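Student:
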Amino acid sequence: MAVAVRGGRVGSGGGSVFRSFFSYRIFVSAMFTLLFLATLSVLLSSQPSHKDAVMDTTGNERVGRTFLAWQSDPLKTRLDLIYNQANNHVALVNAYATYARKLKLEISKQLKMFDDLAKNFSDLQLKQTYLTALFETNGPVDEDVLRQFEKEVKDKVKVARLMIVESKESYDNQLKIQKLKDTIFAVHELLLKAKKNGAFASLIAAKSTPKSLHCLAMRLMEERIAHPEKYVDDEPKPEFEDPNLYHYAIFSDNVIAISVVVNSAVKNAEEPWKHVFHIVTDRMNFAATKVWFKMRPVQGGAHVEIMAVDNFKFLTSLYAPVLRQLESTNVRKFYFETRPENATKDVNNMKFRNPKYLSMLNHLRFYLPELYPKLNKILFLDDDVVVQKDLTALWKIDMDGKVNGAINTCFGSFHRFSEYLNFSNPLIKEKFNPRACAWAFGMNMFDLDAWRQEKCTEQYHYWQNLNEDRTLWKLGTLPAGLVTFYSKTKPLDKSWHVLGLGVNPSISMEEIEKAAVIHFSGDMKPWLDIAMNRYKHLWTKYVDNEMEFVQMCNFGM
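Residue numbers (the working numbering): 903 to 1459.
(1) So who's on the other strand from Pro1393, going by DSSP bridges?
(2) Which residues does DSSP list as the beta-bridge partners of Ile1208?
(3) Around the C-beta of Lys1331, are 16 or more other C-beta atoms found within 10 angstroms, so that it is buried, or is it exposed?
(4) Which ranges would you report for the alpha helix (DSSP H) in the segment 1088-1138 if only whole runs of at least 4 residues count?
(5) Looking at the structure shown, is Met1345 part of a helix, part of a strand, or coil, going by DSSP?
(6) Report the partner residues of Trp1375 according to the DSSP bridge assignment.
(7) Measuring only the C-alpha atoms, how far is Asn1170 from Ile1127?
(8) Mark Gln1355 as exposed unless 16 or more other C-beta atoms lie within 10 angstroms of its C-beta, in which case mark it buried.
(9) Going by alpha carbons, who is nearest to Leu1283 out of Val1047, Ala1342 and Leu1036?
(10) Assuming Thr1386 contacts Cys1358 (C-beta within less than 8 Å), just tell me the rounded distance between them.
(11) Apply the 10 Å Cβ neighbour rule to Arg1121 and answer buried if 16 or more other Cβ atoms are within range, or exposed otherwise.
(12) Would a C-beta distance cut-off of 9 Å place Ser1104 and Asp1425 closer than the cut-off?
(13) Below 7 Å CB to CB, which residues in the same chain sit around Val995 once its five sequence neighbours on both sides are set aside?
(14) Could you check the C-alpha separation between Ile1086 and Leu1092 for me, to the nearest Å?
(15) Is the segment 1413-1424 touching the segment 1289-1296 in the sense that three or more CB pairs, one from each, lie closer than 8 Å?
(16) Return the CA-CA distance between Tyr1437 and Ser1408, expressed in angstroms with no decimal places.
(17) Note down, in chain order, each residue of its chain lying with its Cβ closer than 6 Å to the Cβ of Asn1406, except the 5 sequence neighbours on either side.
(18) What residue from Asp1351, Leu977 and Glu1172 has the CA that sits closest to Leu1036's CA?
(19) Taking all protein chains shown into account, do 16 or more other C-beta atoms lie within 10 angstroms of the C-beta of Met1454, making it buried, or fewer, making it exposed?
(20) Inspect the beta-carbon positions of Met1345 and Asn1306 and report whether they are closer than 9 Å.
(21) Between Ala1190 and Glu1125, what straight-line distance do the alpha-carbon atoms span, to the nearest angstrom?
(22) Using three-state DSSP, classify Lys1333 as helix, strand or coil.
(23) Relative to the C-alpha of Tyr1032, which residue among Lys1053, Ile1420 and Phe1319 is closest?
(24) Do you know how far the Cα of Ile984 is from the Cα of Tyr926?
(25) For Val1168, I'd like the list of residues in its chain whose CB is within less than 7 Å of its CB, leaving aside the five on either flank, ordered along the chain.
(26) When the Cα atoms are used, what is the spatial distance from Pro1166 to Ser1326?
(27) If you measure between the beta carbons of Ile1420 and Val1400, is that distance less than 9 Å?
(28) If I measure Cβ to Cβ from Ala1119 and keep anything under 7 Å in the same chain, skipping five residues before and after, which residues do I get?
(29) To the nearest angstrom, how far is it from the Cα of His991 to the Cα of Lys1097?
(30) Restricting to Cα atoms, I'd like to know which of Leu1026, Leu1440, Leu1273 and Phe1457 is closest to Leu1430.
(31) Are the CB atoms of Cys1339 and Thr1311 within a distance shorter than 9 Å?
(32) Go ahead and pull the three-state DSSP assignment for Ala1159.
(33) Determine whether the beta carbon atoms of Leu1270 and Ala1151 lie at a separation below 9 Å.
(34) In the DSSP output, which residue or residues are listed as bridge partners for Val1400?
(35) Please report the residue range of the alpha helix (DSSP H) in which Val1287 lies.
(36) What residues match up with Ile1409 in a beta bridge as DSSP calls it?
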């Protein structure tokens, strides 16, 4: 029983082993069968259809021959690799050609090159020599023919790759975008450099004294020295202090510009004998200016007073902050010494390094009540304006207790106080509204009685002293005027004063014709070669071309 039992167990175990053995063989056979079928499927799917194939061969023959080649001829494996490489590049070339057509790019030449290249691949494989020796034979592959076929295929593959690399950027959007960004950045850098160089050159042209203007001053001085008896100083006229007349203040070192302002105002005045022009210049041009108005007296009986800024003895460094600041070592270094730390990369700020903006002649406008103590009102005119109409109505405007009558220049967010003052400074932030509207210097009616009452000169001194280190505003007289006459300015109608003829070429002639005063504000002054021809004639028609020195100095008007 025991044996029987053991035998039964053995028999039972042996049957189990046999069953496991046969199951294993079946599993292995199934796996090889599946592997074979998968391989066959891949080979079948990798062959081109009759529609897309490069070679016109039947699938069964190709598969059978390829499968047998693995066992019989290693060269046929090499042939298959070459064949697949060629087909892959045909597909790639065709893909680029299709994309080019889809985008409708104007690259017909490039498209034709891709088409020709794809056709060359097809023609190569359909070449009778290669077709017979390599693809339609069941015998061994001719190695010499294969080598020649491989060489030709590789040559064409090399050409295809070169063409694709050269043409890739036309189809690769990311590459095109990056290249465009690089180009924009490079052009932007060049633009900034050109702007800076242009602004610097324009600044030099605008602030330098033209040869003709220098010549005129020298000729007038020569006349003064040659004939001193003709130019003896006259006694002051009572009209200079008559408050019932129309008084103008013109502060400039430019003789020809002064003469144009006076001539234009007189020629357009209805009663020129009631107009008085108070001209103040610097010491260098004082004699030349006097000679000019002696040689070319103003017509119509208008009165002209010519003074030098040095004649006003109260203007000392103890009283005027500007004069005291000019004596400062730091200010002298900033304006008059060429140092690396004085350099600026800001094109808009280069002009503020011109010492003119801190000159006493430029800041003289803040002392009008003291310069003319017996006057009630005075019209301040810049030397780059032209008067086109009678201005006497300005003296009849009700100033509503305001000191300064000027046109506002703000529109939208432009020309607000925030553009001129440093609102990061707590004092400026506390005292002024950054949205307050700025106004223009150039033609300003000043009520001198209200000025004295409001003590505006003292206000100017207060702010100018605080700004010695240029932390409240950049240089110039407009910011100083904005803080001095804050809430004390009456807006005038814009037809009284049109600005920008020295910077803006798009001002309409209709607007200019309606204006009482046109202002060549900007760098392109009408007496310079860089003046805009569109507006220059509006200024030159008031130049006294009959004056002999103007002709001699070749102003080219």
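The C-beta atom is built at its ideal place from N, Cα and C for all residues, glycine as well. The structure presented is a predicted model; accordingly, all values stated were derived computationally and were not measured.
Tutor: Working from what's here:
(1) To locate residue 1393, count along the sequence shown from 1; it is residue 491. Per DSSP, Ala1308.
(2) Here residue 1208 is taken as the residue at index 306 of the sequence shown, counted from 1. Paired residues: Ile1181.
(3) Position 429 of the sequence shown, counting from 1, holds the residue named residue 1331. That one is exposed.
(4) Counting whole runs of 4 or more residues, the segment 1088-1138 contains the alpha helix (DSSP H) stretches 1113-1128.
(5) Against the sequence shown, residue 1345 aligns to sequence position 443. In the three-state scheme derived from DSSP, where H, G and I count as helix and E and B as strand, Met1345 is classed as strand.
(6) Within the sequence shown, the letter at position 473 stands for residue 1375. According to DSSP, which records beta bridges pairwise, Trp1375 is partnered with Leu1323.
(7) Locating residue 1170 in the sequence shown gives position 268, counting from the first residue. Locating residue 1127 in the sequence shown gives position 225, counting from the first residue. Approximately 34 Å between the Cα atoms of the pair.
(8) Along the sequence shown, read from residue 1 onward, the residue named residue 1355 stands at position 453. Answer is exposed; the Cβ neighbour count stays below 16.
(9) Indexing the sequence shown from 1 puts residue 1283 at position 381. Taking only the C-alpha atoms, the option nearest Leu1283 is Ala1342.
(10) Locating residue 1386 in the sequence shown gives position 484, where the first residue counts as 1. Locating residue 1358 in the sequence shown gives position 456, where the first residue counts as 1. Here Thr1386 really is in contact with Cys1358; their C-beta atoms are around 5 Å apart, less than 8 Å.
(11) What you label residue 1121 is simply residue 219 of the sequence shown in a count that begins at 1. Burial is judged here by how many other beta carbons sit within 10 angstroms of a residue's own beta carbon; Arg1121 has at least 16 and is buried.
(12) Counted from its first residue, the sequence shown places residue 1104 at position 202. Counted from its first residue, the sequence shown places residue 1425 at position 523. It is a contact, given that the beta carbons lie within the stated cut-off.
(13) Counting from one through the sequence shown, the residue named residue 995 turns up at place 93. Within the same chain, Val995 has close Cβ partners Phe1016, Leu1019, Ala1020 and Ala1062.
(14) Here residue 1086 corresponds to residue number 184 of the sequence shown, with the count starting at 1. Here residue 1092 corresponds to residue number 190 of the sequence shown, with the count starting at 1. C-alpha separation (whole angstroms): 10 Å.
(15) Touching, yes, given that three or more Cβ pairs across the two stretches are closer than 8 Å.
(16) Position 535 of the sequence shown, counted from the first residue, corresponds to residue 1437. Position 506 of the sequence shown, counted from the first residue, corresponds to residue 1408. Tyr1437 and Ser1408: Cα-Cα distance of roughly 11 Å.
(17) Walking along the sequence shown from the start, residue 1406 turns up at place 504. None.
(18) For the purposes of this step, residue 1036 is taken as the residue at position 134 of the sequence shown. The alpha carbon of Leu1036 has as its nearest neighbour, out of Asp1351, Leu977 and Glu1172, the alpha carbon of Leu977.
(19) Locating residue 1454 in the sequence shown gives position 552, counting from the first residue. Answer is exposed; the Cβ neighbour count stays below 16.
(20) Counted from its first residue, the sequence shown places residue 1345 at position 443. Counted from its first residue, the sequence shown places residue 1306 at position 404. The beta carbons of Met1345 and Asn1306 sit no closer together than 9 Å.
(21) Position 288 of the sequence shown, counted from the first residue, corresponds to residue 1190. Position 223 of the sequence shown, counted from the first residue, corresponds to residue 1125. Computed Cα separation, rounded: 9 Å.
(22) Counting from one through the sequence shown, the residue named residue 1333 turns up at place 431. If DSSP states are grouped into helix, strand and coil, Lys1333 belongs with the helices.
(23) Locating residue 1032 in the sequence shown gives position 130, where the first residue counts as 1. Answer by Cα proximity: Lys1053.
(24) The residue labelled residue 926 in the question sits at position 24 within the sequence shown. The residue labelled residue 984 in the question sits at position 82 within the sequence shown. Residue placement at Tyr926 is poorly supported in this model, since its pLDDT is 45, which falls under 50; the coordinates still yield a value, given next. The straight-line gap from Cα to Cα measures roughly 40 Å.
(25) Within the sequence shown, residue 1168 is the residue found at index 266, counting from 1. Apart from sequence neighbours up to five positions away, the residues of its chain that approach Val1168 with a beta-carbon distance below 7 Å are Pro1174, His1177, Val1200, Gln1201, Gly1202 and Ala1204, ordered along the chain.
(26) The count along the sequence shown starts at 1 and reaches residue 1166 at position 264. The count along the sequence shown starts at 1 and reaches residue 1326 at position 424. The question names Pro, but residue 1166 in the sequence shown is Ser. Looking at the backbone, the Cα of Ser1166 and that of Ser1326 are separated by about 43 Å.
(27) As a first step, residue 1420 is located in the sequence shown; it is residue number 518 there, counting from the start. As a first step, residue 1400 is located in the sequence shown; it is residue number 498 there, counting from the start. For the 9 Å CB-CB criterion, Ile1420 and Val1400 form a contact.
(28) To locate residue 1119, count along the sequence shown from 1; it is residue 217. Answer for Ala1119: Val1157, Asn1187 and Ala1190, listed in chain order.
(29) The sequence position of residue 991 within the sequence shown is 89, counting from 1. The sequence position of residue 1097 within the sequence shown is 195, counting from 1. Cα-Cα distance, rounded: 50 Å.
(30) Taking the sequence shown and counting its residues from 1, one reaches residue 1430 at position 528. Of the listed residues, the one whose Cα sits closest to Leu1430 is Phe1457.
(31) Within the sequence shown, residue 1311 is the residue found at index 409, counting from 1. Within the sequence shown, residue 1339 is the residue found at index 437, counting from 1. When the beta-carbon positions are compared, Thr1311 and Cys1339 come within less than 9 Å of each other.
(32) The residue labelled residue 1159 in the question sits at position 257 within the sequence shown. Ala1159 falls in the helix class under three-state DSSP.
(33) The residue given as residue 1270 occupies position 368 in the sequence shown. The residue given as residue 1151 occupies position 249 in the sequence shown. Yes, they are a contact pair.
(34) The residue labelled residue 1400 in the question sits at position 498 within the sequence shown. DSSP output for Val1400 lists Ile1420 as bridge partner(s).
(35) Position 385 of the sequence shown, counted from the first residue, corresponds to residue 1287. Annotation for Val1287: no alpha helix (DSSP H) segment contains it, though the beta strand (DSSP E) segment containing it runs Val1287 to Val1289.
(36) Mapped onto the sequence shown, residue 1409 falls at position 507. Beta-bridge annotation (DSSP): Ile1409 is not paired with any residue.
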